[in-house]
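The sequence shown begins at 444 in the numbering used here and counts up one residue at a time.
From the three backbone atoms N, C-alpha and C, an ideal C-beta is built for every residue, glycine too.
These notes concern the structure reproduced below.
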Amino acid sequence: MRIRRLRSKISLVFVLMILAVQVAVQFAAGDALSAAARNQVTEQLDIGDRVFHKALQSEAEKLTQSAAIAAADFGFREAVALHDDTTVRSALQNQRERLGADISILVGPEGRVVASSPPVAAAGQPFPYPAIIGGKTHGVTPLIGLLDGRPYELVSVPVKTPLTVAWMVMGFAIDDTLARDMHDIAGLDISFMGLGTDTRWKVFASSLSPSNRALLEAAGANAVFGHASRHAEPVINGYDSRIIWLALGHAPVVAVLQKSLAEASAPFRDLRSTLLWLTLGGIAISIVGATLIARSVTRPLGELTRFAERVGRGEYDASIDIHSSDETSELAAAFRQMRDDIAKREARITELAYMDPLTGLPNRISFNEWLQREIDGASRDGRAFAVMLMDLDRFKYVNDTLGHHVGDRLLREVGKRLADRLGNSRGRVARLGGDEFAILLPGSELAGAQRHAEQLLKVLEVPMLIEGQPVDVGASVGMVCFPADGTDMHTLLRRADVAMYAAKQANSGIGIYDHGAERHGLERLSLMGELRRAIENNELQLYYQPKIDLADNSMQHLEALVRWRHPERGLVPPGEFIPFAEQTGFIRSISRWIAAEAVSQSVRWQEQGLAVNISINFSARDLADRSTPDWLAALLREHNVEPGRLGIEITESALMDDPAYALTTLERLRALGIRMSIDDFGTGYSSLSYLKRMPVSELKIDRSFVIGMTHDADDAFIVRSTIALAHNMGLVVVAEGVEDESTLEQLRALGCDMAQGYYIGRPVAADEITTWLARWTRKLASIA
């Protein structure tokens, strides 16, 4: 289970560290105490070994002195010298009993037993331990040997008359009493073991308890004692042992010195128990201390956590009081500073989120919230209100001419004027972005909203003086009413935007939303979606309208006009889809298709013997496309068509969208050898300074002037002046909209170079051009 509380984690870490230390101490102390106990046992065994040997030596010396006195007895020596066996046996028994020895043996100089008391060795047999007789040792050397299956401590003294005639061997039996006496002297358990006749080690005497004695004998039965080893592993569990060889040969005898490890470790166990209790006490104290420390650490953290939660909920008046002189007080001060900084930043963020920093007016988010609350209230109360969107006119020219800093000051002044005008009413104004403002008029019907709009526009009519420069700016307003024009926020804003742009296009100042216009717009939008598939489905088709040379009525030029044969709507006129294609940028794809189709058709006509020049129309987006000259050049090379046979017509308004960039593109097109013409001249606002710099060779007078020139003096004057201006600039003049013969003749009289219109010929499909040529030839013949 995971521990989540910091207090528990701190306590656990402290306790685990103390516990680890104490466990390590216990193990280290245990190992040290065990090693000390074993060292002590080893030391006691070393001491016991020396004491055991000294005790044996002391007993041997006593026995030797007694044996020497007995061997010096005259009667005994005489009996030995005379070989009086009866007297010798009697003397041996008397001396054994007098000296308190357990055995007494007389060994002849040849090493054979003469007599023994009691009869532990047969007379005439070799003495089994010759090393103790015959003068082969120096000093008193005891020997432990087995006689008649029992161990004895043996000593020997010579019997001299005055020469050594025999050896008297005397011995004390090694029994449990001796073993216990040795235990009392050496402080060790002593056992005497010998190899019996069945070649198994047996315990002859021991200070051990009967059970441990049996265990030792059982262990000795399987043991193989090495003669060279003085140390051995314990032969009984719980004892450390030392083996001392007392006799070698065919009947070896060993003494096993043992020390109980439990007995030796008893003092150390008490010490270890004391350490264990001290460890447990230390752990208990550490638990209490860790708990107190963890509480002292986590209590301020808990206060800080609750403080942070309150700040997170926006309760910036929350306080925290931690009285201490350590880092927690510094942390509390940092939290208080954090609270103050967050409050300041949130206030600033809120201001930026809901207020326009430039004008100080509420922004789009604020207006949307107002509008939603007004919709909710009006829906509940069954009342109406109006929404207006206002967009400044000619604001782009202010930025481009005077700079953006002047535009910013203009927006601030407009915002101030609108807010001041609505100050005494319930109306609210907000800046949505750019030069667009929104006004909410609670409780206003359409008529009241119109009055407000007129007053607001009148306020903006007064010129504004910015940096000593009077700035005149107008505005277009679109308005909608709830619930007639929409019942949700998005619908109302969208329709107000539609009405505002309708007012801007009509230059009417105020626009009221028209439901029919939206349906028409939706149809156009649907049409635009289908236009993207028109090229792939071969639904577009080029029609060609002839242009005649007024000098000789010949036809050498055609204008290619695109038509869309919709599979369901039928023939869709260019005015229904070209403007929207220009807005979306899809006009570039259409222009490339028109150019490719016109160049291909020019090649087919040339193969048929009809050499004509074809003009196509370009939009502002085509001029803004840097790749336009490149793909046109590639197209002409692909079909091996001379560039001069292709003409491009650009409207005056397209040239004025970005005159500098348009001039660059036109220069590149002229460098290719392509003819260029200004279309619909007179309807735009082109500057003559730009016009004279344009690398064009042809100027087309808009049909709106040509169609009424025969009965309208102003139109006739405009046409006459345009022809004179164009000729003075070295341009060829083409008149559009020739609908009758009188107009054609008047244009010829004014010196116009070429004409185009329904009187001359309507736009027809490519395969009908030859038919038109025949018909036009017949018409000229009839006129002549």
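- For the alpha helix (DSSP H) assignment, the uninterrupted runs of no fewer than 4 residues enclosed by the segment 593–653 are, from N- to C-terminal side, 619–629.
- Judged by DSSP secondary structure, PHE925 falls within the beta strand (DSSP E) whose first and last residues are 917–925.
- Membership of ASN1060 in any alpha helix (DSSP H) is not indicated; the residue belongs instead to the beta strand (DSSP E) covering 1056–1061.
- CA-to-CA, the gap between PRO601 and ASP474 works out to about 56 Å.
- Under the Cβ criterion (8 Å, minimum of three pairs), the segment 1206–1219 does not count as touching the segment 1168–1187.
- If you draw a straight line from the Cα of VAL612 to the Cα of VAL696, it is about 18 Å long.
- Using a Cβ-Cβ distance cut-off of 8 Å, the segment 799–810 and the segment 873–892 are in contact, since at least three pairs of beta carbons, one from each stretch, lie closer than that value.
- Classified as buried, THR1108 has 16 or more neighbouring CB atoms from the shown chains inside 10 Å of its CB.
- The Cβ atoms of PRO571 and PHE635 do not sit closer than 7 Å to each other.
- Here ALA939 is not near GLY954, since their CB atoms are 7 Å or more apart.
- Shown here for GLU1182: same chain residues with a beta carbon closer than 8 Å to its own, the five before and five after excluded, namely ILE1150, GLY1200, TYR1201, TYR1202 in chain order.
- Under the DSSP definition of a beta bridge, PHE1124 partners with ILE1144.
- Nearest in C-alpha terms to VAL598, of all of LEU506, GLN568, LEU795, is LEU506.
- Taken in chain order, the segment 470–504 contains no complete alpha helix (DSSP H) segment of 4 residues or longer.
- Two segments are said to touch when three or more pairs of C-beta atoms, one from each, lie closer than 8 Å; by this definition the segment 797–807 does not touch the segment 915–934.
- Taking one beta carbon from each stretch, the segment 840–853 and the segment 815–831 have fewer than 3 pairs nearer than 8 Å; the two do not touch.
- Given a length threshold of 3 residues, each whole run of the beta strand (DSSP E) inside the segment 529–587 is given here in chain order: 546–550, 556–560.
- Per DSSP, the unbroken alpha helix (DSSP H) holding GLN898 starts and ends at 889–904.
- In chain order, SER1185, THR1186, GLN1189 place their CB closer than 7 Å to the CB of THR1153, counting only its own chain and leaving out the 5 sequence neighbours on each side.
- In the displayed model, PRO1010 falls within coil according to three-state DSSP, outside both helix and strand.
- A contact is defined here as three or more CB-CB pairs under 8 Å, and the segment 529–544 meets this definition with respect to the segment 607–623.
- Going by DSSP, GLN988 is part of the beta strand (DSSP E) stretching over 983–992.
- For ASP783, the closest alpha carbon among the candidates MET798, ALA761, PHE495 is that of ALA761.
- Taking C-beta atoms under 8 Å as the contact rule, TYR1104 and LEU1053 fail to qualify, at a distance of about 37 Å.
- LYS1135 has its alpha-carbon roughly 7 Å from the corresponding atom of MET1172.
- Judged by their CB atoms, PRO989 and LEU1001 are nearer to each other than the 7 Å cut-off.
- Following the DSSP letters along the chain, one finds ALA1178 inside the beta strand (DSSP E) bounded by residues 1175–1178.
- If you check the CB distance, ALA977 and TRP1007 come in under 7 Å.
- Apart from the 5 residues on each side of it in sequence, THR604 sits with its Cβ closer than 8 Å to the Cβ of ARG520, GLU521, VAL523, ALA524 in its chain, given in chain order.
- For the 7 Å CB-CB criterion, VAL458 and SER729 form a contact.
- Counted as a single uninterrupted DSSP element, the beta strand (DSSP E) harbouring GLY1090 occupies residues 1089–1094.
- Between the alpha carbons of HIS1082 and ASP1155 lies a gap of roughly 46 Å.
- In the DSSP assignment, no residue is bridged to TYR840.
- ILE1091 and GLY917 have their C-alpha atoms some 37 Å from each other.
- For LEU700, the enclosing beta strand (DSSP E) covers residues 696–703.
- Residue environment for HIS496: exposed (fewer than 16 other C-beta atoms within 10 angstroms of its C-beta).
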